[in-house]
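Following: one structure in structure tokens, then a few remarks.
In our numbering, the protein residues as written are 10 to 231.
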């Protein structure tokens with residue numbers, strides 16, 4: 010009997026990592042951020058693999074100034090759209106990615122949203138609330154590949170994903186960047202993925218981004 014190995018895809022932000030008017034913990038200094046509103050960002054899907062590249066683009070619209078009446082703080086409100094178009098995965102990519110993810114606890118990751126300053130430092134005073142824009146994203150697919158008697162699956166994979174966010178930036182604050190960081194050394198442990206989702210660690214500590222340009226890209230919104 011064939012053994013079916015099922016994996017639940019946990020691609021970037023697919024777990025609805027959204028913050029409702031709460032501080033965003035981004036990345037500590039050290040990661041070289043590619044500062045562009047469009048370009049390429051790399052991801053290593055499993056340890057030892059050649060990095061894959063995804064296309065990235067970002068647009069931002071200033072919706073004016075609002076006031077938080079609880080604190081009296083004034084913010085610029087933006088509508089930000091970020092789009093990621095992934096490279097295709099080969100049969101070997103699927104097999105090796107799923108095999109490694111099983112050893113790490115069953116999560117499959119590739120890219121995560123980042124909010125930083127121009128040096129890649131954490132921003133604790135920027136708030137964001139968002140969702141996946143299904144109308145401008147590809148339909149989800151099931152990727153599968155067979156190796157020996159085992160069939161490996163990645164569920165819910167999308168070639169293109171688009172996210173729309175409302176971002177609140179303190180008035181007169183400059184140098185706010187939004188983009189994506191890719192895995193730098195393959196799949197991460199479930200404990201790290203959970204800690205990142207819960208905001209306990211930043212994306213670099215979780216296993217994303219790298220001290221080399223190309224693994225983190227972000228565009229300036231203010």
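All C-beta atoms, glycine included, are put in the ideal place defined by N, C-alpha and C.
Alpha helix (DSSP H) segment containing residue i, residue limits
i: residue 103; result: 100-113
i: residue 203; result: 199-206
i: residue 127; result: Premise fails: residue 127 is in no alpha helix (DSSP H) and is neither H nor E.
Identified DSSP bridge partners for residue i
i: residue 75; result: 84
i: residue 68; result: 90
i: residue 137; result: 176
i: residue 63; result: 50
i: residue 6; result: Only positions 10 to 231 of the chain appear in this structure, which leaves residue 6 out of reach.
i: residue 190; result: 121 and 225
i: residue 44; result: 227
i: residue 171; result: 92
Contact under 8 Å by Cβ, residue i with residue j
i: residue 87; j: residue 77; result: no
i: residue 93; j: residue 170; result: yes
i: residue 201; j: residue 210; result: yes
i: residue 224; j: residue 91; result: no
i: residue 132; j: residue 124; result: yes
i: residue 165; j: residue 149; result: yes
i: residue 74; j: residue 195; result: no
i: residue 128; j: residue 178; result: no
i: residue 219; j: residue 193; result: yes
i: residue 137; j: residue 185; result: no
Delimiting residues of the beta strand (DSSP E) encompassing residue i
i: residue 162; result: 159-166
i: residue 215; result: Where residue 215 is concerned, there is no enclosing beta strand (DSSP E), although the alpha helix (DSSP H) it sits in stretches over 212-215.
Cβ separation of residue i and residue j, assumed to be a contact under 8 Å, to the nearest whole Å
i: residue 109; j: residue 55; result: 4 Å
i: residue 103; j: residue 161; result: 6 Å
i: residue 197; j: residue 96; result: Not really, about 19 Å apart at Cβ, beyond 8 Å.
i: residue 213; j: residue 107; result: Actually they are not in contact, since the Cβ atoms of residue 213 and residue 107 sit about 25 Å apart, beyond 8 Å.
i: residue 44; j: residue 227; result: 7 Å
i: residue 113; j: residue 199; result: 6 Å
i: residue 69; j: residue 89; result: 5 Å
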